[in-house]
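Accompanying notes for the structure given below.
Protein chains in written order, with our numbering: chain L, 233 to 920; chain W, 74 to 360.
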């Protein structure tokens, strides 16, 4: 029954709104369902990254996301999150924090498989884990949820739709696939057709799951920007995970050729071979650029579009190393196309980059792999590649100079075939000069490296000057007038520092100093602020100086004799101490520290001057300028106290080191959890 | 001789000018030859650490700093800012509110000193520094009985506005540390925050002596900070962006009289530090 036009309109709106609301509610329910299935298995990954630069290794902090995919605690994340790390800590949405070890890295897919340390778990509830779905079932337009820790903000969820299920990155001409550099020459993307979606992802989402509305992980988010996100398909991630769980590593077959789509050939099936690596199985089989590859064993090959290239490479990667393989190719000849069956043996794909280490003499070097040798046109994999040198250290000081990218072949008479032999050779020549033979391009060069390392020694500090022991402000003309001191020039004392000669002489805050030894001070503008300091500093320490002052609250001048004392010790004058294991440096307090921070003479502690990035101490939250008062209950008053306390700790190796610090206006505890099984890190000065 | 015509006067002038230029050239040549042995190069590695709110980052870089021998025992004076941040650190600390906990720390290491005509590079250590004059002192080790040629700062000569002055410095390793002079003219005198003279031309290398054309030492070129914080110009970036009329610091010549006392103090301190080093005493390199 319709009662009025308005009622009719409202009724119509209600009717049309009802299905939309129902749909919205359904989506809401689906999101809730998916969230409940995956959210508990989401992990916030905090890492300590080991990076190399300037001839030394340095640690830094990083963060990303991951997802638990098995009840045994296996975690999938990105290689660019977990790679090159020395420590990985995973935090679950429940608040549980667990260490994780790396089971395998796979830079070529930008994936890493981690394993949580469940032994350290205090919770008795079953470990939550998510299920990997089939990314191949995804369709453009499907709803997906990105879960992760954007910008380090834990457990965030965003909603989007799948924009493309087979995204590859190409050059502008669309003729070549673009690989992505993960840094240091590691590339990714060879096997990946990304899931493109528009669920917002930001730095920190890396490694987090992309989830369908059935609550299955269909992708691992890898990169994003400009409203677009890209995830590694779960089907690819599943293969990597299965290999790691069954073989303990990622193992791939390799033949050594590359292809482009057949777009410019009259052939409709197959793939156009664009290059063949000399010495590779493909080359040994007789494969040539220009061949059209139509079958690998019994598997058909079809690459008409760039999007199909990763699938072919994956087809090759799935060949078992060591097994025979047949390649069916068609080759263009003077008589037209002819078919050929080529036979070869599959080899295992090697990682592109070798290990990198910091070695004695202030140098970082990298192991040379087969692929590296090939790309760099080295005759073999002998030697180690120099990746950096510390300024002023042995290798950087070599004469004639050695450079990054040179390949060290011999140290003295020791031939170098890798990192182990390089380290051994350096050890054998420790403290001596060594003749080093190295290759640069095609040249074989020699130089002399002095492997003697100097111990750091005492350096001189700041020269002492005459000092008054007061803080002052310029008595500006308006201020003088306001204080009833019109025409008076000089400095108003703002603070008389405790225990100083000025205090003994009876100087008070509010006094105005108008002359030094009878010499009037011409200070009445802000820019005259240094006049008193300069006048005092130029006088001899220990002598009396006559200050003409106008005592606070008066207008009459009088003379006061003050003995000029030595300026107090500065930060460069006091004892310092450094602990190599915790990578912390401290110094003793100065008089001015106590004044600045208003610490009494009884306040114990040493001031933190260095807490190296990524060190145990820094990761635990110790900061530069913290006043370190106690270490495991031992009060510190001097640098020697610190050294002794840390020596005891290194000997006793407690699980937790408790530091009590004073930070600005409050006190705080810092709990350090070192991993004692690791060897002591290198000191900044002694190389390896 | 009485000049009788304008032509004769002009002819006489043209005769005099080249002779004057030759005299000046000869004087400069003599000055370079006399003082060049005292100008050395301090090679070192500088570790720069910047800390903001307790988080720090560091970087190592090589530096070649010109210095002057101020004592025959091998005491070398250099610019403080170049080796430990000196005035730059002071400026930085003054411009940031204390609660932002920003600090800059520059630590020199691997000190080696290149002396003219000597293939050997001598090791050295920081003997002392003087933030007031932005100077630092490096003591060369391993000289044995060898006495270096030191520049004398005992004279009382002072720069005069308008006077031509000379500073000596050295090129880098690629040019075999060749000595050369730089000329300028005293173009102003400042009274505050301390008495010093500004110089135009190329005389601007801090930590090095400035000479008159007669070879007399007039003082040391160094960084002088105004110590004044203003809205424009006096702040950290005042000299970098926009208003450069009121830079927070300038290079200027401070007179011998001021420098002398610091050199004497540094000599004493160098002996003390050498003794401490020999005894293997105490702490590692200071901050």
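Every residue, glycine too, gets a C-beta built ideally from N, C-alpha and C.
As the structure is a computational prediction, the values presented were derived from the model and not from experiment.
Residues that residue i contacts on chain L, provided the C-beta gap is smaller than 8 Å
i: residue 192 of chain W; result: Going along chain L, no residue has its Cβ under 8 Å from residue 192 of chain W, so there is no contact; the nearest lies around 11 Å.
i: residue 335 of chain W; result: 695
Rounded distance between the beta-carbons of residue j and residue i, thought under 8 Å
i: residue 519 of chain L; j: residue 505 of chain L; result: 6 Å
i: residue 255 of chain W; j: residue 324 of chain W; result: Incorrect: roughly 12 Å between the Cβ atoms, too far for contact.
i: residue 279 of chain L; j: residue 294 of chain L; result: 5 Å
i: residue 589 of chain L; j: residue 574 of chain L; result: Incorrect: roughly 41 Å between the Cβ atoms, too far for contact.
i: residue 232 of chain W; j: residue 331 of chain W; result: Rounded, the Cβ-Cβ distance is 13 Å, inconsistent with contact.
i: residue 185 of chain L; j: residue 767 of chain L; result: Outside the modelled stretch of chain L, which goes from 233 to 920, sits residue 185 of chain L, for which no answer is possible.
Backbone CA spacing between residue i and residue j [nearest angstrom]
i: residue 540 of chain L; j: residue 501 of chain L; result: 12 Å
i: residue 310 of chain W; j: residue 333 of chain L; result: Low local confidence applies: a pLDDT of 44 at residue 310 of chain W is under 50, so the model's placement there is unreliable, and no value is given.
i: residue 340 of chain L; j: residue 809 of chain L; result: 44 Å
i: residue 281 of chain W; j: residue 245 of chain W; result: 16 Å
i: residue 161 of chain W; j: residue 154 of chain W; result: 6 Å
i: residue 772 of chain L; j: residue 594 of chain L; result: 46 Å
i: residue 77 of chain W; j: residue 298 of chain W; result: Annotation note: pLDDT 49 at residue 77 of chain W (below 50); position unreliable, no value reported.
i: residue 815 of chain L; j: residue 287 of chain L; result: 18 Å
i: residue 425 of chain L; j: residue 398 of chain L; result: 5 Å
i: residue 178 of chain W; j: residue 206 of chain W; result: 19 Å
i: residue 210 of chain W; j: residue 802 of chain L; result: 17 Å
i: residue 779 of chain L; j: residue 265 of chain W; result: 20 Å
i: residue 276 of chain L; j: residue 413 of chain L; result: 24 Å
i: residue 402 of chain L; j: residue 538 of chain L; result: 8 Å
i: residue 315 of chain W; j: residue 300 of chain W; result: Bear in mind that the predicted position of residue 315 of chain W carries a pLDDT of just 45, short of 50, making it unreliable; the figure below should be weighed with that in mind. Each residue's alpha carbon lies about 20 Å from the other.
i: residue 901 of chain L; j: residue 877 of chain L; result: 17 Å
i: residue 361 of chain W; j: residue 585 of chain L; result: As displayed, chain W neither begins before 74 nor continues past 360, which places residue 361 of chain W out of reach and without an answer.
i: residue 311 of chain L; j: residue 671 of chain L; result: 32 Å
i: residue 777 of chain L; j: residue 742 of chain L; result: 19 Å
Cross-chain neighbours of residue i in chain W, by beta carbon under 8 Å
i: residue 399 of chain L; result: In chain order: nothing, as chain W lies at least about 36 Å away.
i: residue 694 of chain L; result: 201, 202, 203 and 204
i: residue 769 of chain L; result: 205
Span of the beta strand (DSSP E), counted from its first residue to its last, around residue i
i: residue 395 of chain L; result: 388-399
i: residue 665 of chain L; result: 665-672
i: residue 581 of chain L; result: Counting along the chain, residue 581 of chain L falls outside any beta strand (DSSP E), and DSSP gives it neither H nor E.
i: residue 469 of chain L; result: Taken as a continuous stretch (DSSP letters only), residue 469 of chain L belongs to no beta strand (DSSP E), being part of the alpha helix (DSSP H) at 466-479.
i: residue 282 of chain L; result: 274-285
i: residue 483 of chain L; result: That residue, residue 483 of chain L, is in no beta strand (DSSP E); it is neither H nor E in DSSP.
i: residue 790 of chain L; result: 790-795
i: residue 53 of chain W; result: Because chain W is modelled from 74 through 360, residue 53 of chain W falls outside the range shown and cannot be assessed.
i: residue 375 of chain L; result: 375-380
i: residue 114 of chain W; result: 112-125
i: residue 393 of chain W; result: There is no way to answer for residue 393 of chain W, as the model of chain W reaches only from 74 to 360.
Range of the contiguous alpha helix (DSSP H) that encloses residue i
i: residue 338 of chain W; result: 329-351
i: residue 312 of chain L; result: 311-314
i: residue 735 of chain L; result: 733-736
i: residue 612 of chain L; result: Taken as a continuous stretch (DSSP letters only), residue 612 of chain L belongs to no alpha helix (DSSP H), as it is neither H nor E.
i: residue 653 of chain L; result: 651-660
i: residue 888 of chain L; result: Segment: none, residue 888 of chain L is in no alpha helix (DSSP H) and carries neither H nor E.
i: residue 825 of chain L; result: 823-829
i: residue 765 of chain L; result: 763-769
Amino acids of chain L, ordered along the chain, whose beta-carbon sits closer than 9 Å to that of residue i
i: residue 198 of chain W; result: 689, 690, 691 and 692
i: residue 236 of chain W; result: Simply none; closest approach about 24 Å.
Partner residues on chain W for residue i, Cβ-Cβ distance less than 9 Å
i: residue 286 of chain L; result: 132, 133 and 134
Contacts of residue i in chain L (Cβ-Cβ under 7 Å)
i: residue 118 of chain W; result: 623 and 624
i: residue 342 of chain W; result: 692 and 695
i: residue 338 of chain W; result: 695
i: residue 349 of chain W; result: 690
Partner residues on chain W for residue i, Cβ-Cβ distance less than 7 Å
i: residue 766 of chain L; result: 266 and 267
Legend entry - Members of the stretch 446-479 of chain L that neighbour chain C once the beta carbon cut-off is set at 9 Å: In summary, chain C is missing from the structure at hand, where the protein chains are L and W.
Legend entry - At least 3 beta-carbon pairs within less than 8 Å: the stretch 644-658 of chain L vs the stretch 603-620 of chain L: yes
Inset, instruction - Determine, using beta-carbon pairs with one atom in the stretch 832-852 of chain L and one in the stretch 792-801 of chain L, whether at least three such pairs fall under 8 Å. - result: no
Inset, instruction - Determine contact between the stretch 715-723 of chain L and the stretch 782-792 of chain L, defined as no fewer than three beta-carbon pairs at a distance below 8 Å. - result: Segments in contact, yes.
Inset, instruction - Examine the Cβ distances between the stretch 300-307 of chain L and the stretch 342-357 of chain L and report whether three or more of them are shorter than 8 Å. - result: Contact check between the stretch 300-307 of chain L and the stretch 342-357 of chain L: three or more CB pairs, one atom from each, fall below 8 Å, which counts as touching.
Inset, instruction - Check whether the stretch 421-436 of chain L touches the stretch 464-471 of chain L, counting contact only when three or more Cβ pairs, one atom from each stretch, lie closer than 8 Å. - result: yes
Legend entry - Three-pair Cβ contact test at 8 Å for the stretch 542-549 of chain L versus the stretch 526-533 of chain L: yes
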